[in-house]
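Numbering follows UniProt numbering, in which position 174 of the sequence shown is assigned residue number 174; successive positions increment by one, without gaps. Comments concern the structure below.
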Amino acid sequence: MTPRKVLLLGNSYSAAPRVALRNDPGRWPGLQVTVLAMPGNMLAALALEEGRLVPRGDDARYSMGYYNDMTELALAGFDAFAVIGGLSFYTLLPLQNTHRSPDFPSVMRGEACQLISTGLMDAMIRQHMTISAALCTIRLLAGLGQGPVLFMDSLFPSADCWQDGERFDPYIAMAERGDAAAFHARYLRILHEALGSDATYLPQPVQTIVEEVFTAPEWIRGSLRMQPRRDVPHEKTDFGHANPAYGALQVDLIASALAGL
């Protein structure tokens, strides 16, 4: 299809493409993108009423108004949808900190852990995905039958994340054990099953990835907060959000994917 009017829905990870679209609109001629940004898992609080997205509850209503200057959004006229964030490989980390199944590389080498079945590990990942804001939003949009739905999950943590050991040491340890790439492959397999025909998955651009499960720091340094009225940089210790240069790659992927449908 020729990409025309697209609704991009996301959480804080939508800030990068939003700024990229604002800064260089001529890069995507003919692509009209409306961004609906909600913090955290707030996208899951949106409901569909007579062709309009409306917030459920006071918190969601406030967030929709503050971040988007609207309290409802009519979906008529949109040709396609893109969901960014609302699900992250990084958030699966607690599932395997102590409990692993026999197919983990570290377990196959004989490292000690609390052993669980492969089926149980898959079921825990699947449940995590099923209740995520991303999957809830995708199911809502796919049910419209109005146009294709694309999905981009959160990017890998920066390779600089070792500077925040309190938060990222378990992730680094997973990579050093040799489990991270295999666990991510498992995550992707289950994600494709969960998405089914509801959405097309767009993976993180390969040129931004280093050491299999980290993002090259130049795509994260200079990231901006999801602040609708002015550009507010993240702290230098934020190793999880992308900058506008990465956001431009995301919009490139969306435009390319839609052009190929």
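A virtual CB, placed ideally from N, CA and C, is assigned to each residue, including glycine.
In this chain, the alpha helix (DSSP H) harbouring Met108 covers Pro105 to Met108. In this structure, Val232 sits near Leu224, with a CB-CB distance shorter than 8 Å. Membership of Thr137 in the alpha helix (DSSP H) is indicated by the continuous run Ala133 to Ala142. Counted as a single uninterrupted DSSP element, the stretch harbouring Glu72 is not any beta strand (DSSP E), since DSSP gives it neither H nor E.
Annotated as distal: Ala248 and Arg52, with beta-carbon spacing of 8 Å or more. Each residue's CA atom was taken as its position, placing Ala216 and Glu50 some 44 Å apart. Remark: fewer than three beta-carbon pairs, one from each stretch, lie closer than 8 Å, so the segment 180-190 and the segment 36-44 are not flagged as touching. In the same chain as Ala15, and ignoring 5 residues on each side of it, the C-beta atoms closer than 6 Å to its own belong to Leu224 and Met226, in chain order. With a 10 Å radius around the Cβ and a threshold of 16 neighbouring Cβ atoms, His241 comes out buried. When the Cα atoms are used, Ala133 and Leu9 turn out to be separated by approximately 11 Å. Per the C-alpha coordinates, the member of Tyr13, Ser117, Ile138 and Leu253 positioned closest to Asp198 is Ile138.
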